[in-house]
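**Q**
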Amino acid sequence: MSAVSKVGATRDPARVTRAAWLIGLGVLLLALPHLIYPVLALDILAWGLFAVAFDLLFGFSGLLSFGHAAFWGTSAYLTAFLLGHGQSVPVAIAGGTLGALALAVPVAFLSVRSSGIYFSMITLAFAQMVSFLALQWTDLTGGENGLQGFARPSLLGLDFSDAQVRYYVCLVLFALGFGVAYRAVRSPFGQAQQAVRDSEQRAQSVGYNPARFKFTAFLLSAGLAGLAGAMYTFGHGVVSLEVVNWRTSGEVVMMTLLGGTTTLFGPVIGAGLVLLLRDVLTTANLPVGIVTGVVFVLVVLFFRRGVVGTLHHWLRRR
Numbered sequence: 001m002s003a004v005s006k007v008g009a010t011r012d013p014a015r016v017t018r019a020a021w022l023i024g025l026g027v028l029l030l031a032l033p034h035l036i037y038p039v040l041a042l043d044i045l046a047w048g049l050f051a052v053a054f055d056l057l058f059g060f061s062g063l064l065s066f067g068h069a070a071f072w073g074t075s076a077y078l079t080a081f082l083l084g085h086g087q088s089v090p091v092a093i094a095g096g097t098l099g100a101l102a103l104a105v106p107v108a109f110l111s112v113r114s115s116g117i118y119f120s121m122i123t124l125a126f127a128q129m130v131s132f133l134a135l136q137w138t139d140l141t142g143g144e145n146g147l148q149g150f151a152r153p154s155l156l157g158l159d160f161s162d163a164q165v166r167y168y169v170c171l172v173l174f175a176l177g178f179g180v181a182y183r184a185v186r187s188p189f190g191q192a193q194q195a196v197r198d199s200e201q202r203a204q205s206v207g208y209n210p211a212r213f214k215f216t217a218f219l220l221s222a223g224l225a226g227l228a229g230a231m232y233t234f235g236h237g238v239v240s241l242e243v244v245n246w247r248t249s250g251e252v253v254m255m256t257l258l259g260g261t262t263t264l265f266g267p268v269i270g271a272g273l274v275l276l277l278r279d280v281l282t283t284a285n286l287p288v289g290i291v292t293g294v295v296f297v298l299v300v301l302f303f304r305r306g307v308v309g310t311l312h313h314w315l316r317r318r
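Positions 1 to 318 (the UniProt record's numbering) are the ones given, in order, by the sequence shown.
As structure tokens, this is what we get:
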């Protein structure tokens, strides 16, 4: 067997595994609103894309952000504001996403110059500033009352008052966002990004600029988080201060770790597990925080790579 054939044979199982995950995830998401409440299914899409965006920064760049709720929440508020002022759904979603991306530019410029806990604290500080502005800037955000009752005008004959219609519209947006993330990590940029994560000194020695790669990864992550926030607003028709709360940043970290970092599929599965568990516990009148915490501890102890990461590792060894 030639060297080229050996390389092809080595790569084939990994490609088959990725293709199987993509097909399985696609089929599951297409059927999801028929298996559970459409609004809950839409939440899984929005939070799943949010977790994928966070994984781009944490898993593939090694940067732990405690402030990603700032981009999710900024986009949610801007989307609601634009819808409330008569803009169409595509314009509102695009405006919210671009608003999150614009906010990410100064945050990324200042934060990527640090690393480790210092980077995390800077992102948390910016998120707290956004949360304070959301509370005080009542003309734009509604303050403690939030924004609600805004219209979602129909488009191309689609009735957005139907929860299933909203779900499948968001599924298209999710597919676009996930496709961007998947292409980014499989591109030369993604490989260089992971090289910077593993060793900045070694990456710099072969000609890479670590700060530039981290800056670009931050913007990409914030933009996808903004798209997810716009989907959340479009699905719920209401925005509250919860979208910029520091707990929101913590929840997306937990979802990503539960599913498995550096997998892209894992964060989506992690988001689904957390939201489904929360829904079951709420209807059963059980303490959500305690049970979710116990589940998280068990997963960290016995599934070090997360649910999907551990399963993928096991299949690769087989």
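Virtual Cβ for every residue (Gly too), placed ideally from N, Cα, C.
#1: My guess is that Trp72 and Val243 are in contact by the Cβ rule of under 8 Å, so how many angstroms apart are they, rounded?
#2: Within a Cβ cutoff of 7 Å, which residues of the same chain sit near Phe50, ignoring the five residues on either side of it in sequence?
#3: If you follow the alpha helix (DSSP H) that Tyr232 is part of, which residue opens it and which one closes it?
#4: Compute the distance between the beta-carbons of Gly260 and Val308, then report whether it is under 9 Å.
#5: Strictly under 9 Å for the Cβ-Cβ distance: is Leu241 near chain D by that measure?
#6: Let me check one thing: in DSSP terms, what residues is Gln148 bridge-paired to?
#7: Suppose contacts are defined by Cβ-Cβ distances below 9 Å. Is residue 321 in contact with Val196 by that definition?
#8: When you compare only the Cα positions, how much space is there between Phe160 and Arg152?
#9: Which residue's Cα is closest to the Cα of Ile36: Leu273, Leu311 and Phe296?
#10: For the ligand COA, is there a heavy atom less than 8 Å away from the beta-carbon of Leu301?
#11: Is Ala76 closer than 9 Å to Ser131 when the C-beta atoms are compared?
#12: Quick one: what does DSSP say Leu158 is sitting in, helix, strand or coil?
#13: Relative to the C-alpha of Ile290, which residue among Ala80, Leu301 and Arg278 is closest?
#14: Do the region 28-47 and the region 77-96 touch if we need at least three Cβ pairs shorter than 8 Å?
#15: Would the region 142-157 and the region 88-98 be scored as touching if the rule is three or more Cβ pairs under 8 Å?
#16: Among Leu147, Trp314, Ser114 and Thr74, which residue has its Cα nearest to the Cα of Ala127?
#17: Going by DSSP, what residue range makes up the alpha helix (DSSP H) through Ile36?
#18: Distance check for Ala100 and Val180, CA to CA, integer angstroms please.
#19: Name the two residues that bound the continuous alpha helix (DSSP H) containing Arg278.
#20: Can the beta-carbon of Gly67 be found less than 9 Å from the beta-carbon of Val105?
#21: Please name the residue in Gln191, Leu257, Phe302 and Tyr208 whose C-alpha comes closest to that of residue 319.
#22: For the alpha helix (DSSP H) containing Gly293, name the first residue and the last one.
#23: Would you identify the three-state DSSP class for Arg68, choosing helix, strand or coil?
#24: Could you say if the region 230-242 and the region 138-146 meet the contact criterion of at least three C-beta pairs nearer than 8 Å?
#25: Assign Phe265 to buried or exposed, taking buried as 16 or more other Cβ atoms, counted over all protein chains shown, within 10 Å of its Cβ.
#26: Less than 9 Å between the C-beta atoms of Ser111 and Ile93, yes or no?
#27: So, is Pro267 buried or exposed, given that buried needs 16 or more other C-beta atoms within 10 angstroms?
#28: Quick check on this structure: which residue in Ser114, Arg18 and Leu315 has the alpha carbon closest to the alpha carbon of Ala211?
#29: Would you mind working out which of Ser221, Pro287, Arg166 and Leu257 sits nearest residue 322, comparing C-alpha positions?
#30: Please name the residue in Gln136, Ala163, Ser221 and Ala46 whose C-alpha comes closest to that of Leu56.
#31: Excluding the five sequence neighbours on either side, which residues of its own chain have a C-beta within less than 8 Å of the C-beta of Thr310, listed in chain order?
#32: Count the other CB atoms, across all protein chains shown, that sit within 10 Å of the CB of Gln136; report buried if there are 16 or more and exposed otherwise.
#33: Could you work out which residue in His34, Leu124 and Ala19 is closest to Arg247 when comparing CA atoms only?
**A** Short version:
#1: Indeed they touch by this definition, with Cβ atoms about 6 Å apart.
#2: Trp72, Ala225, Ala228 and Val252
#3: Pro210 to His236
#4: Taking C-beta atoms as the reference points, Gly260 and Val308 count as a pair closer than 9 Å.
#5: Checking the listed chains, one finds no chain D in this structure; it contains a single protein chain.
#6: Val238
#7: A question about residue 321 goes unanswered here, because the residues of the chain that appear run from 1 up to 318.
#8: 6 Å
#9: Leu273
#10: The ligand COA is absent from the structure shown, which contains no ligands of any kind.
#11: Against a cut-off of 9 Å, the Cβ pair of Ala76 and Ser131 comes out as no contact.
#12: strand
#13: Arg278
#14: no
#15: yes
#16: Thr74
#17: It is not in any alpha helix (DSSP H) - Ile36 carries neither H nor E in the DSSP assignment.
#18: 17 Å
#19: Phe265 to Thr283
#20: no
#21: There is no way to answer for residue 319, as the model of the chain reaches only from 1 to 318.
#22: Element bounds for Gly293: Val288 to Phe302.
#23: The residue asked about is misnamed: residue 68 is His in this sequence, not Arg. His68 falls in the coil class under three-state DSSP.
#24: Yes, the region 230-242 touches the region 138-146.
#25: buried
#26: no
#27: buried
#28: Closest option to Ala211, judged by alpha-carbon separation, among Ser114, Arg18 and Leu315: Ser114.
#29: One cannot answer for residue 322 here, as it falls past the ends of the chain, which runs 1 to 318.
#30: Closest by alpha carbon: Ser221.
#31: Gly260, Phe303 and Arg304
#32: When all chains shown are included, Gln136 counts as exposed.
#33: The residue among His34, Leu124 and Ala19 with its C-alpha nearest the C-alpha of Arg247 is Leu124.
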